[in-house]
Structures are given as structure tokens and as C-alpha cells.
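Read through the structure below, which is laid out as C-alpha cells, and then see the notes.
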Amino acid sequence: MVDTLHCKRCANIWTEEKNAKCTFDSCNIELPASNRTWTPAIRESPELRMEKQLEIYLKKFNGRFTTSAITSNIGDIQMAMFRGYLKKCVKNRTLVEKKDDYGRFWYSRPD
Numbered sequence: 000m001v002d003t004l005h006c007k008r009c010a011n012i013w014t015e016e017k018n019a020k021c022t023f024d025s026c027n028i029e030l031p032a033s034n035r036t037w038t039p040a041i042r043e044s045p046e047l048r049m050e051k052q053l054e055i056y057l058k059k060f061n062g063r064f065t066t067s068a069i070t071s072n073i074g075d076i077q078m079a080m081f082r083g084y085l086k087k088c089v090k091n092r093t094l095v096e097k098k099d100d101y102g103r104f105w106y107s108r109p110d
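For the sequence shown, numbering that gives the first Met the number 0 assigns the number 0 to the initial residue and increments by one for each residue that follows.
Written out as C-alpha cells, the structure is:
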């Protein structure tokens, strides 16, 4: 079994010298060159994804939103990471943070 190859679909075992083909027609299909190598999908950086999410929330809530109004599931972005990004934006003065009487923090763009 050391020098043998086999089809995982039909379990047909053959040796390299024999070069026997699989009995299923679908196993013998030649793949195009583009499908032979697997390439991972190009993903955006977390910073860009959070910026897009921030713009979505500002647009959805008319330029002002609170973290208590949004869901805790933001795709693959964790809520704690998004809160950290909001704090970073407040520190950079790209967002304004205001606390209301109920203790909620509201975020908006500076005027």
C-alpha cells in the first residue's frame, strides 16, 4: 500500500505504473488550471470593516447612535473590539461621545 494511490470517492486503488483510472466518470474530469490551486479570499482589515460598520450605523440612525441600540452580533466583529474602535475615534476626534441622563453613550460626527 506504500506505493499506491486511490480515489477517495470510489476507493479504487491503483499503482503509479498501472495508472488505472477511476470507475466513476465524475472522478476522471480534468480540472481547469484556475481551479487546481486554492487561493484564500482576500479580506479587508478589521479597521476597514469597523469603519464601514460605523458608517452604516450613522446612516441608519440619522447621524447619531448608541451602542445599546445596536445588536451584539456585527458579523465577525466582536462588540468589545467595536467599542474599542469607537473610543479610538473619540480620541482622534473623528467622533463625538455624549452621555445622556440614562447613562447611555451617544456617538455622532463632530459638527
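All C-beta atoms in this analysis are idealised placements derived from N, C-alpha and C, irrespective of residue type, glycine included.
Requested in this report: Alpha carbon to alpha carbon, how far is S44 from S107? Give it in angstroms, no decimals.
Outcome: Distance between the alpha carbons of S107 and S44: 23 Å.
Query raised in the report: If you run the structure through DSSP and keep just helix, strand and coil, what is Y106?
Result: Three-state DSSP puts Y106 in a strand.
**Report entry** Pairwise C-alpha distance: L85 and N91
**Finding:** So the two alpha carbons sit approximately 10 Å from each other.
Query raised in the report: According to the neighbour-count rule (16 or more other Cβ atoms, all chains shown, within 10 Å of its Cβ), is M49 buried or exposed?
Result: With 16 or more neighbouring CB atoms inside 10 Å of its own CB, M49 falls in the buried class.
Requested in this report: Note the first and the last residue of the continuous beta strand (DSSP E) segment covering E43.
Outcome: Neither: E43 is in no beta strand (DSSP E) and is coded neither H nor E.
Query raised in the report: Which of helix, strand or coil does DSSP assign to I76?
Result: In this structure, I76 counts as strand in the three-state DSSP scheme.
Query - Contact belief for T66 with R82 at Cβ below 8 Å, rounded distance in angstroms - result: Their Cβ separation, rounded to whole angstroms, is 6 Å, which keeps T66 and R82 in contact under 8 Å.
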